[in-house]
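Everything below concerns the one structure shown next.
Take a look at the structure:
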(Lines of atoms letter the chains of each structure in order from A and count residues from 1; the text may use other names and numbers.)
(Lines give C-alpha, C1' and ligand atoms only; values in the text may rest on other atoms or scores of the structure.)
Protein backbone atom coordinates (compact mmCIF):
# COMPACT_ATOMS: atom_id res chain seq x y z
CA UNK A 1 0.00 0.00 0.00
CA UNK A 2 1.18 3.54 -0.70
CA UNK A 3 0.89 6.46 1.71
CA UNK A 4 -2.71 7.09 0.62
CA UNK A 5 -3.74 3.46 1.01
CA UNK A 6 -4.42 2.92 -2.69
CA UNK A 7 -2.48 -0.31 -3.06
CA UNK A 8 0.60 -1.17 -5.06
CA UNK A 9 1.20 -0.56 -8.74
CA UNK A 10 1.81 -3.61 -10.92
CA UNK A 11 4.44 -3.43 -13.68
CA UNK A 12 3.05 -3.98 -17.18
CA UNK A 13 4.81 -6.87 -18.87
CA UNK A 14 5.90 -6.63 -22.51
CA UNK A 15 2.85 -8.72 -23.48
CA UNK A 16 0.63 -6.31 -21.50
CA UNK A 17 2.16 -3.34 -23.29
CA UNK A 18 1.70 -4.95 -26.70
CA UNK A 19 -1.96 -5.72 -26.10
CA UNK A 20 -2.62 -2.27 -24.67
CA UNK A 21 -1.28 -0.73 -27.87
CA UNK A 22 -3.52 -3.02 -29.89
CA UNK A 23 -6.50 -1.81 -27.81
CA UNK A 24 -5.93 1.68 -29.24
CA UNK A 25 -6.60 0.25 -32.71
CA UNK A 26 -9.43 -2.23 -32.22
CA UNK A 27 -11.86 -3.53 -29.60
CA UNK A 28 -9.65 -5.69 -27.38
CA UNK A 29 -12.37 -7.48 -25.40
CA UNK A 30 -12.97 -11.17 -24.76
CA UNK A 31 -16.45 -12.15 -23.59
CA UNK A 32 -17.83 -15.21 -21.83
CA UNK A 33 -21.64 -15.45 -21.96
CA UNK A 34 -23.66 -17.88 -19.85
CA UNK A 35 -27.40 -18.37 -20.34
CA UNK A 36 -29.11 -19.79 -17.26
CA UNK A 37 -32.31 -21.78 -16.98
CA UNK A 38 -33.05 -20.20 -13.61
CA UNK A 39 -32.41 -17.06 -11.60
CA UNK A 40 -29.24 -16.20 -9.73
CA UNK A 41 -29.17 -14.51 -6.35
CA UNK A 42 -28.19 -10.89 -6.97
CA UNK A 43 -26.67 -10.30 -3.50
CA UNK A 44 -24.65 -13.52 -3.62
CA UNK A 45 -23.40 -12.80 -7.14
CA UNK A 46 -22.41 -9.24 -6.18
CA UNK A 47 -20.29 -10.53 -3.30
CA UNK A 48 -18.76 -13.25 -5.50
CA UNK A 49 -17.73 -10.73 -8.18
CA UNK A 50 -16.29 -8.34 -5.61
CA UNK A 51 -14.30 -11.14 -3.98
CA UNK A 52 -13.04 -12.36 -7.36
CA UNK A 53 -11.84 -8.84 -8.20
CA UNK A 54 -10.07 -8.60 -4.85
CA UNK A 55 -8.30 -11.86 -5.66
CA UNK A 56 -7.36 -10.55 -9.12
CA UNK A 57 -6.49 -6.88 -8.47
CA UNK A 58 -5.62 -6.21 -12.12
CA UNK A 59 -9.33 -6.34 -12.94
CA UNK A 60 -9.97 -3.01 -11.21
CA UNK A 61 -6.77 -1.22 -12.19
CA UNK A 62 -6.02 1.08 -15.10
CA UNK A 63 -3.11 1.08 -17.51
CA UNK A 64 -0.68 3.98 -17.12
CA UNK A 65 1.71 4.86 -19.93
CA UNK A 66 5.16 5.89 -18.74
CA UNK A 67 8.69 4.66 -18.25
CA UNK A 68 7.98 1.92 -17.57
CA UNK A 69 4.25 1.39 -18.25
CA UNK A 70 2.34 -0.02 -15.29
CA UNK A 71 -1.10 -0.63 -13.80
CA UNK A 72 -2.30 1.66 -11.02
CA UNK A 73 -5.07 1.00 -8.49
CA UNK A 74 -8.39 2.74 -9.03
CA UNK A 75 -10.78 2.38 -6.06
CA UNK A 76 -13.62 3.93 -8.07
CA UNK A 77 -13.35 1.18 -10.70
CA UNK A 78 -14.55 -1.49 -8.26
CA UNK A 79 -18.09 -0.14 -8.32
CA UNK A 80 -18.14 -0.07 -12.12
CA UNK A 81 -17.20 -3.72 -12.48
CA UNK A 82 -20.58 -5.26 -11.63
CA UNK A 83 -24.16 -4.27 -12.39
CA UNK A 84 -27.60 -5.77 -13.00
CA UNK A 85 -29.59 -4.86 -16.14
CA UNK A 86 -33.31 -5.66 -16.21
CA UNK A 87 -34.79 -5.82 -19.70
CA UNK A 88 -37.56 -7.30 -21.84
CA UNK A 89 -35.15 -7.84 -24.76
CA UNK A 90 -32.08 -9.65 -23.41
CA UNK A 91 -30.56 -10.32 -26.85
CA UNK A 92 -30.62 -6.64 -27.81
CA UNK A 93 -29.23 -5.71 -24.40
CA UNK A 94 -26.41 -8.22 -24.82
CA UNK A 95 -25.58 -6.90 -28.31
CA UNK A 96 -25.40 -3.35 -26.97
CA UNK A 97 -23.17 -4.49 -24.12
CA UNK A 98 -20.78 -6.37 -26.37
CA UNK A 99 -20.22 -3.31 -28.56
CA UNK A 100 -19.14 -1.13 -25.61
CA UNK A 101 -15.47 -1.97 -25.00
CA UNK A 102 -13.63 -1.09 -21.82
CA UNK A 103 -10.83 1.45 -22.06
CA UNK A 104 -7.79 -0.03 -20.29
CA UNK A 105 -6.41 3.48 -19.70
CA UNK A 106 -9.42 4.44 -17.56
CA UNK A 107 -10.30 1.02 -16.16
CA UNK A 108 -11.63 -1.28 -15.00
CA UNK A 109 -10.15 -4.14 -17.01
CA UNK A 110 -13.10 -6.46 -16.32
CA UNK A 111 -16.87 -6.06 -16.46
CA UNK A 112 -19.57 -8.41 -15.18
CA UNK A 113 -23.19 -7.80 -16.10
CA UNK A 114 -26.23 -9.82 -15.06
CA UNK A 115 -28.90 -9.34 -17.75
CA UNK A 116 -32.21 -10.22 -16.16
CA UNK A 117 -35.42 -10.95 -18.10
CA UNK A 118 -37.55 -14.13 -18.08
CA UNK A 119 -34.16 -15.84 -17.74
CA UNK A 120 -30.69 -14.74 -16.64
CA UNK A 121 -27.72 -14.00 -18.88
CA UNK A 122 -24.30 -13.47 -17.32
CA UNK A 123 -21.73 -11.66 -19.45
CA UNK A 124 -18.15 -11.69 -18.15
CA UNK A 125 -15.89 -9.42 -20.22
CA UNK A 126 -12.15 -8.93 -19.73
CA UNK A 127 -9.83 -6.63 -21.65
CA UNK A 128 -7.27 -8.47 -23.77
CA UNK A 129 -4.65 -6.11 -22.30
CA UNK A 130 -4.47 -8.27 -19.17
CA UNK A 131 -5.84 -11.61 -20.25
CA UNK A 132 -6.33 -14.20 -22.96
CA UNK A 133 -9.21 -16.70 -23.21
CA UNK A 134 -7.70 -18.96 -20.55
CA UNK A 135 -7.68 -16.05 -18.11
CA UNK A 136 -11.30 -15.16 -18.84
CA UNK A 137 -12.35 -18.74 -18.14
CA UNK A 138 -10.20 -18.75 -14.99
CA UNK A 139 -11.85 -15.54 -13.80
CA UNK A 140 -15.28 -16.96 -14.63
CA UNK A 141 -14.48 -20.13 -12.67
CA UNK A 142 -13.43 -18.05 -9.69
CA UNK A 143 -16.72 -16.14 -9.70
CA UNK A 144 -18.69 -19.41 -9.91
CA UNK A 145 -16.71 -21.01 -7.06
CA UNK A 146 -17.18 -17.97 -4.86
CA UNK A 147 -20.90 -17.86 -5.69
CA UNK A 148 -21.19 -21.54 -4.82
CA UNK A 149 -19.24 -21.04 -1.60
CA UNK A 150 -21.59 -18.24 -0.47
CA UNK A 151 -24.75 -20.17 -1.28
CA UNK A 152 -23.60 -23.50 0.19
CA UNK A 153 -20.80 -24.56 2.56
CA UNK A 154 -17.56 -25.23 0.68
CA UNK A 155 -13.91 -25.79 1.37
CA UNK A 156 -11.53 -22.86 1.63
CA UNK A 157 -10.84 -21.32 -1.77
CA UNK A 158 -7.29 -20.11 -2.45
CA UNK A 159 -7.49 -16.63 -3.90
CA UNK A 160 -4.10 -15.32 -4.91
CA UNK A 161 -2.19 -16.43 -8.00
CA UNK A 162 1.28 -14.92 -8.11
CA UNK A 163 2.80 -16.89 -10.99
CA UNK A 164 4.84 -15.04 -13.61
CA UNK A 165 2.54 -13.30 -16.13
CA UNK A 166 5.28 -12.45 -18.62
CA UNK A 167 6.74 -14.28 -21.59
CA UNK A 168 10.01 -14.51 -19.65
CA UNK A 169 8.81 -17.60 -17.78
CA UNK A 170 8.51 -19.29 -21.18
CA UNK A 171 11.52 -17.89 -23.00
CA UNK A 172 13.89 -18.90 -20.21
CA UNK A 173 12.98 -22.53 -20.96
CA UNK A 174 14.88 -22.22 -24.25
CA UNK A 175 18.55 -21.59 -24.94
CA UNK A 176 19.60 -18.48 -26.90
CA UNK A 177 20.23 -20.71 -29.93
CA UNK A 178 16.77 -22.30 -29.69
CA UNK A 179 15.15 -18.89 -29.33
CA UNK A 180 17.00 -17.64 -32.40
CA UNK A 181 15.90 -20.67 -34.41
CA UNK A 182 12.28 -20.22 -33.30
CA UNK A 183 12.44 -16.54 -34.19
CA UNK A 184 13.72 -17.32 -37.69
CA UNK A 185 11.13 -20.04 -38.19
CA UNK A 186 8.36 -17.66 -37.08
CA UNK A 187 9.36 -15.35 -39.93
CA UNK A 188 7.76 -12.26 -41.36
CA UNK A 189 4.56 -11.95 -43.36
CA UNK A 190 5.45 -13.16 -46.84
CA UNK A 191 2.08 -13.07 -48.57
CA UNK A 192 -1.42 -11.91 -47.80
CA UNK A 193 -4.98 -11.86 -48.96
CA UNK A 194 -7.94 -9.72 -48.09
CA UNK A 195 -11.69 -10.00 -47.93
CA UNK A 196 -13.84 -7.70 -50.05
CA UNK A 197 -14.08 -5.04 -47.37
CA UNK A 198 -13.39 -1.36 -47.31
CA UNK A 199 -11.12 0.33 -44.82
CA UNK A 200 -12.68 2.78 -42.41
CA UNK A 201 -11.72 4.70 -39.31
CA UNK A 202 -15.19 4.69 -37.74
CA UNK A 203 -15.67 2.07 -35.06
CA UNK A 204 -18.94 0.30 -35.76
CA UNK A 205 -18.57 -3.10 -34.09
CA UNK A 206 -20.93 -5.99 -34.67
CA UNK A 207 -21.09 -9.60 -33.52
CA UNK A 208 -22.36 -12.82 -34.96
CA UNK A 209 -22.61 -16.18 -33.20
CA UNK A 210 -23.54 -19.56 -34.64
CA UNK A 211 -24.10 -22.47 -32.27
CA UNK A 212 -24.21 -26.06 -33.52
CA UNK A 213 -26.03 -29.01 -32.02
CA UNK A 214 -23.79 -31.52 -30.19
CA UNK A 215 -23.87 -34.04 -33.04
CA UNK A 216 -21.75 -31.77 -35.23
CA UNK A 217 -18.84 -31.67 -32.79
CA UNK A 218 -19.11 -35.42 -32.24
CA UNK A 219 -18.80 -35.95 -36.00
CA UNK A 220 -15.86 -33.56 -36.26
CA UNK A 221 -14.03 -35.37 -33.46
CA UNK A 222 -14.69 -38.76 -35.01
CA UNK A 223 -13.53 -37.71 -38.45
CA UNK A 224 -10.46 -35.95 -37.02
CA UNK A 225 -9.53 -39.15 -35.21
CA UNK A 226 -9.93 -41.17 -38.41
CA UNK A 227 -7.71 -38.77 -40.34
CA UNK A 228 -5.11 -38.48 -37.58
CA UNK A 229 -5.58 -34.72 -37.29
CA UNK A 230 -6.85 -32.38 -34.57
CA UNK A 231 -10.27 -30.79 -34.23
CA UNK A 232 -8.49 -27.45 -34.57
CA UNK A 233 -7.08 -28.59 -37.93
CA UNK A 234 -10.61 -29.32 -39.17
CA UNK A 235 -12.05 -25.99 -37.98
CA UNK A 236 -9.12 -24.00 -39.38
CA UNK A 237 -9.49 -25.82 -42.71
CA UNK A 238 -13.23 -25.08 -42.92
CA UNK A 239 -12.54 -21.42 -42.17
CA UNK A 240 -9.79 -21.21 -44.79
CA UNK A 241 -11.89 -22.86 -47.48
CA UNK A 242 -14.94 -20.73 -46.65
CA UNK A 243 -12.80 -17.60 -46.95
CA UNK A 244 -11.39 -18.71 -50.29
CA UNK A 245 -14.87 -18.37 -51.77
CA UNK A 246 -14.90 -14.70 -50.72
CA UNK A 247 -11.59 -13.77 -52.32
CA UNK A 248 -12.39 -12.19 -55.69
CA UNK A 249 -9.28 -13.41 -57.48
CA UNK A 250 -7.42 -16.68 -57.50
CA UNK A 251 -3.84 -16.67 -56.25
CA UNK A 252 -0.94 -18.93 -57.02
CA UNK A 253 0.65 -18.58 -53.58
CA UNK A 254 -0.38 -20.21 -50.33
CA UNK A 255 -2.86 -18.07 -48.41
CA UNK A 256 -1.80 -17.49 -44.80
CA UNK A 257 -4.35 -17.56 -42.00
CA UNK A 258 -3.29 -16.30 -38.60
CA UNK A 259 -4.03 -18.65 -35.75
CA UNK A 260 -3.39 -18.45 -32.02
CA UNK A 261 -1.65 -20.72 -29.55
CA UNK A 262 -1.61 -20.58 -25.76
CA UNK A 263 2.01 -20.80 -24.63
CA UNK A 264 0.94 -22.27 -21.30
CA UNK A 265 1.38 -25.58 -23.15
CA UNK A 266 5.09 -25.27 -22.28
CA UNK A 267 4.42 -24.81 -18.54
CA UNK A 268 3.32 -27.24 -15.87
CA UNK A 269 -0.32 -26.72 -14.77
CA UNK A 270 0.72 -25.75 -11.25
CA UNK A 271 2.62 -22.76 -12.64
CA UNK A 272 -0.16 -21.38 -14.86
CA UNK A 273 -0.84 -17.69 -14.18
CA UNK A 274 -4.56 -16.97 -14.06
CA UNK A 275 -5.14 -13.53 -15.58
CA UNK A 276 -2.36 -13.17 -18.15
CA UNK A 277 -2.00 -12.92 -21.90
CA UNK A 278 0.27 -15.79 -22.87
CA UNK A 279 -1.39 -16.41 -26.24
CA UNK A 280 0.34 -15.42 -29.47
CA UNK A 281 -0.45 -15.66 -33.17
CA UNK A 282 1.46 -16.96 -36.16
CA UNK A 283 0.71 -17.57 -39.83
CA UNK A 284 -0.30 -20.93 -41.27
CA UNK A 285 0.16 -20.78 -45.07
CA UNK A 286 -2.19 -23.08 -46.99
CA UNK A 287 -3.15 -23.51 -50.63
CA UNK A 288 -6.94 -23.38 -50.63
CA UNK A 289 -8.53 -22.72 -54.01
CA UNK A 290 -12.32 -22.36 -54.15
CA UNK A 291 -14.01 -25.70 -54.71
CA UNK A 292 -11.14 -27.74 -53.29
CA UNK A 293 -12.29 -30.79 -51.26
CA UNK A 294 -12.26 -30.11 -47.53
CA UNK A 295 -10.22 -33.25 -46.82
CA UNK A 296 -7.45 -31.99 -49.09
CA UNK A 297 -7.32 -28.72 -47.18
CA UNK A 298 -7.39 -30.56 -43.84
CA UNK A 299 -4.30 -32.56 -44.80
CA UNK A 300 -2.51 -29.40 -45.91
CA UNK A 301 -3.45 -27.49 -42.75
CA UNK A 302 -2.38 -30.39 -40.54
CA UNK A 303 1.01 -30.59 -42.23
CA UNK A 304 1.49 -26.83 -41.97
CA UNK A 305 0.46 -26.78 -38.30
CA UNK A 306 2.79 -29.64 -37.46
CA UNK A 307 5.67 -27.81 -39.10
CA UNK A 308 4.86 -24.64 -37.14
CA UNK A 309 4.51 -26.49 -33.83
CA UNK A 310 7.74 -28.46 -34.26
CA UNK A 311 9.53 -25.22 -35.03
CA UNK A 312 8.07 -23.61 -31.88
CA UNK A 313 6.47 -20.81 -33.90
CA UNK A 314 4.67 -19.65 -30.76
CA UNK A 315 7.95 -19.14 -28.94
CA UNK A 316 9.24 -17.38 -32.05
CA UNK A 317 6.25 -15.03 -31.91
CA UNK A 318 6.94 -14.22 -28.25
CA UNK A 319 10.62 -13.65 -29.04
CA UNK A 320 9.60 -11.32 -31.88
CA UNK A 321 7.47 -9.21 -29.53
CA UNK A 322 10.34 -8.94 -27.05
CA UNK A 323 12.75 -7.87 -29.79
CA UNK A 324 10.25 -5.34 -31.13
CA UNK A 325 10.11 -3.70 -27.70
CA UNK A 326 13.90 -3.62 -27.32
CA UNK A 327 13.82 -0.01 -28.52
CA UNK A 328 11.34 0.97 -25.83
CA UNK A 329 7.59 1.41 -25.48
CA UNK A 330 7.30 4.78 -27.23
CA UNK A 331 9.20 3.58 -30.28
CA UNK A 332 6.92 0.57 -30.58
CA UNK A 333 3.89 2.82 -30.16
CA UNK A 334 4.99 5.00 -33.09
CA UNK A 335 5.71 1.95 -35.24
CA UNK A 336 2.25 0.48 -34.61
CA UNK A 337 0.56 3.80 -35.38
CA UNK A 338 2.43 3.94 -38.70
CA UNK A 339 1.49 0.34 -39.48
CA UNK A 340 -2.17 1.01 -38.74
CA UNK A 341 -2.22 4.10 -40.95
CA UNK A 342 -0.62 2.24 -43.86
CA UNK A 343 -3.13 -0.58 -43.47
CA UNK A 344 -6.10 1.78 -43.44
CA UNK A 345 -4.76 3.51 -46.55
CA UNK A 346 -4.65 0.18 -48.37
CA UNK A 347 -0.86 -0.03 -48.50
CA UNK A 348 -0.80 -3.15 -46.34
CA UNK A 349 -3.11 -6.14 -46.18
CA UNK A 350 -4.04 -7.99 -43.03
CA UNK A 351 -4.54 -11.73 -42.99
CA UNK A 352 -7.69 -13.34 -41.55
CA UNK A 353 -7.53 -14.83 -38.07
CA UNK A 354 -8.85 -18.05 -36.55
CA UNK A 355 -8.66 -18.73 -32.84
CA UNK A 356 -9.79 -21.79 -30.92
CA UNK A 357 -10.71 -20.50 -27.45
CA UNK A 358 -11.15 -24.07 -26.22
CA UNK A 359 -13.55 -25.85 -23.93
CA UNK A 360 -15.56 -23.90 -21.37
CA UNK A 361 -14.98 -26.04 -18.26
CA UNK A 362 -17.67 -27.17 -15.86
CA UNK A 363 -16.09 -25.03 -13.16
CA UNK A 364 -17.32 -21.96 -15.08
CA UNK A 365 -20.89 -23.28 -15.11
CA UNK A 366 -21.24 -24.53 -11.53
CA UNK A 367 -23.67 -22.17 -9.82
CA UNK A 368 -25.11 -24.82 -7.55
CA UNK A 369 -28.73 -25.66 -8.28
CA UNK A 370 -29.07 -23.00 -11.00
CA UNK A 371 -29.07 -24.87 -14.34
CA UNK A 372 -27.06 -23.58 -17.30
CA UNK A 373 -28.76 -23.70 -20.71
CA UNK A 374 -25.70 -22.80 -22.82
CA UNK A 375 -22.46 -20.82 -22.84
CA UNK A 376 -20.16 -19.41 -25.49
CA UNK A 377 -17.22 -17.05 -25.93
CA UNK A 378 -16.74 -14.07 -28.23
CA UNK A 379 -13.47 -12.64 -29.58
CA UNK A 380 -12.33 -9.01 -30.03
CA UNK A 381 -13.47 -6.85 -32.96
CA UNK A 382 -10.53 -6.33 -35.32
CA UNK A 383 -10.02 -3.16 -37.31
CA UNK A 384 -10.58 -3.35 -41.08
CA UNK A 385 -9.37 -5.14 -43.10
CA UNK A 386 -8.93 -7.65 -40.29
CA UNK A 387 -11.52 -10.39 -39.85
CA UNK A 388 -11.43 -13.29 -37.43
CA UNK A 389 -13.55 -16.12 -36.09
CA UNK A 390 -13.21 -17.83 -32.71
CA UNK A 391 -14.44 -21.28 -31.74
CA UNK A 392 -15.48 -22.43 -28.27
CA UNK A 393 -17.21 -25.53 -26.97
CA UNK A 394 -19.54 -26.07 -24.04
CA UNK A 395 -20.86 -29.47 -22.99
CA UNK A 396 -20.28 -30.91 -26.43
CA UNK A 397 -21.76 -28.01 -28.38
CA UNK A 398 -19.61 -25.98 -30.76
CA UNK A 399 -19.98 -22.21 -31.14
CA UNK A 400 -18.39 -20.01 -33.79
CA UNK A 401 -18.30 -16.28 -33.14
CA UNK A 402 -16.88 -13.19 -34.77
CA UNK A 403 -16.51 -9.53 -33.96
CA UNK A 404 -16.33 -7.37 -37.06
CA UNK A 405 -16.75 -3.80 -38.27
CA UNK A 406 -20.18 -3.14 -39.82
CA UNK A 407 -18.94 -0.17 -41.81
CA UNK A 408 -16.23 -2.23 -43.50
CA UNK A 409 -17.66 -5.70 -44.03
CA UNK A 410 -21.29 -6.29 -44.96
CA UNK A 411 -23.27 -8.49 -42.59
CA UNK A 412 -24.42 -10.62 -45.52
CA UNK A 413 -20.78 -11.41 -46.33
CA UNK A 414 -20.14 -12.43 -42.73
CA UNK A 415 -23.25 -14.62 -42.79
CA UNK A 416 -22.12 -16.18 -46.08
CA UNK A 417 -18.77 -17.18 -44.56
CA UNK A 418 -20.52 -18.74 -41.56
CA UNK A 419 -22.99 -20.55 -43.83
CA UNK A 420 -20.16 -22.02 -45.92
CA UNK A 421 -18.34 -23.15 -42.77
CA UNK A 422 -21.53 -24.71 -41.38
CA UNK A 423 -22.11 -26.60 -44.63
CA UNK A 424 -18.53 -27.90 -44.73
CA UNK A 425 -18.64 -29.03 -41.10
CA UNK A 426 -22.10 -30.58 -41.46
CA UNK A 427 -20.88 -32.67 -44.40
CA UNK A 428 -18.43 -34.37 -42.03
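In our numbering, the protein residues as written are 298 to 725.
For every residue, glycine included, the Cβ atom is placed at its ideal position computed from N, Cα and C.
Note that the structure is a prediction, hence the values are computed from the model and not measured.
Exercise for the section: With a threshold of 16 other CB atoms inside 10 Å of the CB of residue 425, please say whether the residue is buried or exposed. Expected result: As a working note, residue 425 is residue 128 in the chain shown. With 16 or more Cβ atoms within 10 Å of its Cβ, residue 425 is classed as buried.
Practice task
Tell me whether residue 519 counts as near the ligand GTP, meaning its Cβ is closer than 7 Å to at least one heavy atom of that ligand.
Solution key: Of the ligands one can find in the structure shown there are none, so the ligand GTP has no counterpart to examine.
Practice task
Under 8 Å Cβ to Cβ from residue 579, same chain only, skipping five residues before and after it: list those, please.
Solution key: The residue you call residue 579 lines up with position 282 of the chain shown. Closer than 8 Å at the Cβ level, and outside the excluded window around residue 579, lie 483, 555, 556, 558, 605, 610, 611, 613, 614.
Practice task
State the CB to CB distance for the pair residue 401 and residue 702, rounded to an integer number of angstroms; the pair is presumed to be in contact (CB under 8 Å).
Solution key: Here residue 401 corresponds to residue number 104 of the chain shown, with the count starting at 1. Here residue 702 corresponds to residue number 405 of the chain shown, with the count starting at 1. Actually they do not touch by this definition, with Cβ atoms about 20 Å apart.
Problem - For residue 483, the first and last residue of its enclosing alpha helix (DSSP H) - result: Locating residue 483 in the chain shown gives position 186, counting from the first residue. Looking at the DSSP string, the run of the alpha helix (DSSP H) that includes residue 483 is 473-483.
Handout entry: Straight-line Cα distance separating residue 331 from residue 441
Key = Reading the chain shown from its first residue, position 144 is the one you call residue 441. Reading the chain shown from its first residue, position 34 is the one you call residue 331. Each residue's alpha carbon lies about 11 Å from the other.
Practice task
Please state whether DSSP places residue 742 in a helix, a strand or coil.
Solution key: The requested residue 742 does not occur in the structure, where the chain is confined to residues 298 to 725.
Practice task
Give, in chain order, every unbroken run of the alpha helix (DSSP H) that is at least 4 residues long and sits entirely within the segment 527-584.
Solution key: 528-541
Exercise for the section: Take the Cβ of residue 656 as the centre, count every other Cβ of all protein chains shown within 10 Å, and call the residue buried at 16 or more, exposed below. Expected result: Working through the chain shown from its first residue, we reach residue 656 at position 359. So residue 656 counts as exposed.
Handout entry: DSSP-derived helix/strand/coil call for residue 408
Key = For the purposes of this step, residue 408 is taken as residue 111 along the chain shown, with counting starting at 1. Strand.
Handout entry: Distance between residue 697 and residue 433 (C-alpha atoms, nearest Å)
Key = Your numbering for residue 433 matches position 136 in the chain shown. Your numbering for residue 697 matches position 400 in the chain shown. Rounded to the nearest angstrom, the gap between the Cα atoms of residue 433 and residue 697 is 17 Å.
Practice task
Look at the alpha carbon of residue 725 and the alpha carbon of residue 393, and state the distance between them as a whole number of angstroms.
Solution key: The sequence position of residue 725 within the chain shown is 428, counting from 1. The sequence position of residue 393 within the chain shown is 96, counting from 1. The C-alpha of residue 393 is placed about 35 Å away from the C-alpha of residue 725.
Problem - Distance CB(residue 527)-CB(residue 519) smaller than 8 Å - result: The residue you call residue 527 lines up with position 230 of the chain shown. The residue you call residue 519 lines up with position 222 of the chain shown. No, they are not a contact pair.
Exercise for the section: Measure how close the beta-carbons of residue 785 and residue 405 come, nearest whole angstrom, since I'm counting them as under 8 Å. Expected result: Past the boundaries of the shown model lies residue 785; the chain is included only from 298 to 725, so the question cannot be answered.
Problem - Meets three-Cβ-pair contact criterion under 8 Å: the segment 462-469 and the segment 660-674 - result: no
Problem - Helix, strand or coil at residue 703 according to DSSP, with G and I counted as helix - result: Taking the chain shown and counting its residues from 1, one reaches residue 703 at position 406. In the structure shown, residue 703 sits in coil (DSSP, three-state: anything other than H, G, I, E or B).
Problem - Presumed contact (8 Å Cβ cut-off) between residue 375 and residue 444, rounded CB distance - result: Start at 1 with the first residue of the chain shown, and residue 375 comes out as number 78. Start at 1 with the first residue of the chain shown, and residue 444 comes out as number 147. At roughly 18 Å, the Cβ-Cβ gap does not stay under 8 Å, so residue 375 and residue 444 are not in contact.
Practice task
Please determine if the segment 580-589 and the segment 533-547 are in contact, where contact requires at least 3 C-beta pairs separated by less than 8 Å.
Solution key: Short answer: they touch.
Exercise for the section: Would you kindly check if the distance between the Cβ of residue 355 and the Cβ of residue 427 is under 8 Å? Expected result: Taking the chain shown and counting its residues from 1, the one referred to as residue 427 is at position 130. Taking the chain shown and counting its residues from 1, the one referred to as residue 355 is at position 58. Yes; because the gap between Cβ atoms is below 8 Å, this pair is in contact.
Problem - residue 343 beta carbon less than 8 Å from that of residue 378 - result: Working through the chain shown from its first residue, we reach residue 378 at position 81. Working through the chain shown from its first residue, we reach residue 343 at position 46. Cβ atoms of residue 378 and residue 343: not closer than 8 Å.
Problem - Residues near residue 601 by beta carbon distance below 7 Å, same chain, minus five either side - result: Counted from its first residue, the chain shown places residue 601 at position 304. Closer than 7 Å at the Cβ level, and outside the excluded window around residue 601, lie 581, 582, 583.
Handout entry: Backbone secondary structure at residue 595 - three-state DSSP
Key = Translated into positions along the chain shown, residue 595 becomes position 298. Helix at residue 595.
Handout entry: Residues near residue 561 by beta carbon distance below 6 Å, same chain, minus five either side
Key = Locating residue 561 in the chain shown gives position 264, counting from the first residue. Once the five neighbours on either side are set aside, the close Cβ partners of residue 561 are 569, 575.
Handout entry: Rounded separation between residue 352 and residue 436 - CA only
Key = Residue 352 sits at position 55 when you count from the first residue of the chain shown. Residue 436 sits at position 139 when you count from the first residue of the chain shown. Spanning the two alpha carbons is a distance of roughly 10 Å.
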